[in-house]
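Protein chains in written order, with our numbering: chain A, 21 to 93; chain B, 183 to 320. Glycine is no exception: its CB is placed at the ideal position from the N, C-alpha and C atoms. A quick note: this is a predicted structure, and the numbers were derived from the prediction, not measured. Quick notes on the structure that follows.
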Amino acid sequence: MPTAEDVKNRIEAAIPETTAEVDSPDNVHFNARVVSRAFDGVSRIEQHRMVYAAVGDELGGEIHALQLKTETP
Amino acid sequence: MTDQASNPIRDAIAEAIADNRVILFMKGTPEQPMCGFSARTSAALQSMDTQFAAVDILPDPRIRQELSALSDWPTIPQLFVDGQLVGGADIVAEMYESGELAGVLGVAQPDQEPEPVEAGDNGPVGVQSPLGIENRLS
Chain A
21 MPTAEDVKNR
31 IEAAIPETTA
41 EVDSPDNVHF
51 NARVVSRAFD
61 GVSRIEQHRM
71 VYAAVGDELG
81 GEIHALQLKT
91 ETP
Chain B
183 MTDQASNPIR
193 DAIAEAIADN
203 RVILFMKGTP
213 EQPMCGFSAR
223 TSAALQSMDT
233 QFAAVDILPD
243 PRIRQELSAL
253 SDWPTIPQLF
263 VDGQLVGGAD
273 IVAEMYESGE
283 LAGVLGVAQP
293 DQEPEPVEAG
303 DNGPVGVQSP
313 LGIENRLS
C-alpha cells in the first residue's frame with residue numbers, strides 16, 4: 021500500500037520542477053498540493069491528468085481517492 | 183472478449199454524453215450519493231439553476247471502466263458539459279468557488295453554498311432521473 025511519501029516521490033519524479041505536499045490519514049485517501057513550472061500554460065484538466073499518470077494505476081483502486089490541488093509557482 | 187468494433191457500454195456512455203448537455207457520472211444518485219466526492223459535486227450542480235443528467239456508475243463495474251477509458255480520467259465523479267470533460271470533484275469545486283462553473287453552465291452564480299444531500303432527502307427539482315446506462319444494453 022503506497023504511503024504519502026511514495027505518492028509525493030512519484031509525482032516529483034515524474035513531473036519536472038515540481039514540489040508536492042502529500043498527506044494521508046490512512047494510505048487509502050490522499051490529499052495533494054502540487055506546484056510545478058510544468059503546469060505553466062497547461063489546462064487544469066491536463067494538470068490533473070499529469071499528476072494522475074504520475075501516481076499510477078493504483079488510483080481508483082488501492083488509492084481510493086486523491087484530493088488534488090495543482091498550481092504554478 | 184474485447185471487440186473494438188462492438189462496445190455497447192462505451193457506445194451507451196458516449197451517447198449519454200452527447201445527448202445530455204450537462205451530465206454527471208457519480209457513485210450513487212444526487213438523492214442518495216454513495217461517496218463524499220460525488221455528493222459534493224452533485225450538490226454544487228444542484229445549487230445551480232440548471233438541469234443535469236446523473237449516471238450512477240456503481241451498478242455495473244464496466245460503466246466506470248469504459249467511462250475512464252473514454253475520458254482518460256481515472257476517478258469518479260466526472261462532469262461533462264457540451265460533450266467535454268470539465269473535471270472531477272476538485273476541479274468542479276474550484277470552478278464553483280471561482281464562478282467559472284456558472285460560466286461554463288451559462289447560469290448565474292448561486293447565492294448560497296451547496297448543501298450535500300443526505301440519504302433519505304427528497305430529490306431536488308431540476309434533476310432528471312438517473313440514466314440507467316446498463317438498461318440500454320441489449
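With 16 other Cβ atoms within 10 Å as the buried cut-off, status of residue i
i, result
"B:R246", "buried"
"A:A40", "buried"
"A:D77", "exposed"
"A:T23", "exposed"
Sequence-distant residues of the same chain with beta carbon closer than 6 Å to residue i, five excluded per side
i, result
"A:S63", "none"
"B:C217", "K209"
"A:D46", "none"
"B:R244", "I191"
Spatial neighbours of residue i in its chain, beta-carbon cut-off 8 Å, leaving aside the 5 residues before and after
i, result
"B:G270", "F219, T223, W255, T257, I258, P259, Q260, L261"
"B:M230", "L283, A284, L287, V289, P292"
Length of the line joining the Cα atoms of residue i and residue j
i, j, result
"B:Q266", "A:L79", "22 Å"
"B:A275", "A:H68", "14 Å"
"A:E66", "B:V268", "11 Å"
"A:V48", "B:I239", "20 Å"
"A:A74", "A:R30", "6 Å"
"B:A194", "A:L88", "29 Å"
"B:A200", "B:D264", "7 Å"
"B:I273", "A:R57", "19 Å"
"B:F234", "B:Y278", "16 Å"
"A:D43", "A:A52", "7 Å"
"A:T90", "B:S280", "15 Å"
"A:P93", "B:Q228", "34 Å"
Cutoff 7 Å; reference residue i; Cβ partners in own chain excluding five residues on either side
i, result
"B:A196", "L252"
"B:L249", "I195, F207, I239, Q260"
"A:H84", "V48, H49"
Assumed close pair residue i, residue j - CB separation to whole angstroms, cut-off 8 Å
i, j, result
"A:F50", "A:L86", "5 Å"
- Item | Those runs of the alpha helix (DSSP H) which lie wholly inside the segment 212-293 of chain B and span at least 4 residues | 218-228, 243-253, 271-280, 282-287
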